[in-house]
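Novice: Chains F and C supply the protein sequences, listed in that same order. Just add 5 to wherever you are in the first sequence, counting from 1, and you've got the numbering used here. Just add 5 to wherever you are in the second sequence, counting from 1, and you've got the numbering used here. C-beta atoms are modelled at their ideal positions from N, C-alpha and C, and glycine is treated no differently. Take a look at this one; I'll ask things after.
Number of protein chains: 2
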Amino acid sequence: MKRNTWQREAVRTALNERGDFISAQKLHTELKAEGSTIGLATVYRALTDLVTADEADALQSPEGENLYRACSSDGHHHHLICRQCGHTEEIEAEAVESWAAKVAAEHGFTQPRHVVDVFGLCRECTLSP
Amino acid sequence: MKRNTWQREAVRTALNERGDFISAQKLHTELKAEGSTIGLATVYRALTDLVTADEADALQSPEGENLYRACSSDGHHHHLICRQCGHTEEIEAEAVESWAAKVAAEHGFTQPRHVVDVFGLCRECTLSP
DNA sequence: ATCGGTATTGACAATCATTCTCAATAAGCC
DNA sequence: GGCTTATTGAGAATGATTGTCAATACCGAT
């Protein structure tokens, strides 16, 4: 059975208010700064729960941290990330989904996961570097 | 001044012979298994050196490990990577290429690069874990 | 409203990849 | 061979994440 706790709710709303990608560590620090007594482990648990519930998505920063963000659209999707300013946009990748699954199957691979992210320079950063 | 040591050479040739993506940890274990006395820290140092010298590629697995591979100078392609044994198969992704370029352009992004890799369990690892 | 089983929490320990430290070693130049 | 100093290796340190487990609190049933 799944229970609703104020801790999970706190993580969910914190993510929604923020909009940007944020690390679990930083989120925990901010919550504590606001007076919350939530534990670090709980933040991690809440975040992974949100990801599996498709309410948030996760990606790895080049530094090896996991970053989380509230998902605006539901379902599985990918990102277009500016490598200058970090701005991200969600992109649909229906074609890529089925392609990944097909290719994996053709080579005898099971349990496919994929990493599909496009890095570039966004409009602003293209104009003023 | 830059010096040539058998350790760096060992890492370079191990990467070249292998062709697959491999983690620093696993590479170190294999070298030790072959009787080498190389240290783990040295393997890390050699790998990052190779990457900065453009002799190797690095990417992050979904598990947060850094994987390294000798740079095949020929063309651009993608990978199907076993997250158990590290076996890699190259895959054609013509469809993905054009898709990435198109999506980037639609959102005003320039200079698109993309990360498209599929992780799974290969045939052998699916059968005997 | 309260009771009880159990999902969830939080403090802390444990883990895992990676980096740092520093004395000892060895590469390259004389 | 001898000197200088980049490089090494063993272990400690770091930093993110996950596991442990007793205490807590959610929620359906009473």
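Quick check on H83/F: does DSSP put it in helix, strand or coil?
Specialist: Three-state DSSP puts H83/F in a strand.
Novice: Could you tell me how far apart the beta carbons of H84/F and E94/F are, in whole angstroms, since I believe they sit closer than 8 Å?
Specialist: Contact flag correct, Cβ pair sits at about 7 Å.
Novice: Which residues share a DSSP beta bridge with G125/C?
Specialist: C87/C, per the DSSP bridge assignment.
Novice: For I27/C, which beta-bridge partners are listed by DSSP?
Specialist: I27/C is bridged to Y73/C.
Novice: Could you tell me which residues DSSP puts in a beta bridge with A63/C?
Specialist: According to DSSP, A63/C bridges with Y73/C.
Novice: How long is the line joining the alpha carbons of Q65/F and Q65/C, rounded to whole angstroms?
Specialist: Looking at the two C-alpha atoms, the distance is approximately 8 Å.
Novice: Report the neighbours of A58/C on chain F: residues whose CB is nearer than 8 Å to its CB, in chain order.
Specialist: What A58/C touches in chain F: nothing, since even the nearest Cβ is about 19 Å away.
Novice: Is it buried or exposed for E35/C, if we count other Cβ within 10 angstroms and need 16 for buried?
Specialist: Flag for E35/C reads exposed.
Novice: Here's a check: name, in chain order, each residue in its chain whose Cβ is nearer than 7 Å to the Cβ of H119/C, leaving out the five neighbours to either side.
Specialist: Same-chain partners within the cutoff: A105.
Novice: Determine the extent of the beta strand (DSSP E) in which T93/F is found, giving its start and end residues.
Specialist: Looking at the DSSP string, the run of the beta strand (DSSP E) that includes T93/F is 93-96.
Novice: For the alpha helix (DSSP H) containing T57/C, list its first residue and its last residue.
Specialist: Here the alpha helix (DSSP H) through T57/C covers 45-57.
Novice: With K107/F as the anchor, note down where its alpha helix (DSSP H) starts and where it stops.
Specialist: Run containing K107/F: 99-111, per the alpha helix (DSSP H) assignment.
Novice: Would you check if the distance between the CB atom of S28/C and the CB atom of E60/C is smaller than 8 Å?
Specialist: Not in contact: S28/C and E60/C (Cβ atoms no closer than 8 Å).
Novice: On the criterion of 16 or more Cβ atoms from any shown chain inside 10 Å, does L20/C qualify as buried, or is it exposed?
Specialist: Answer is buried; the Cβ neighbour count reaches 16.
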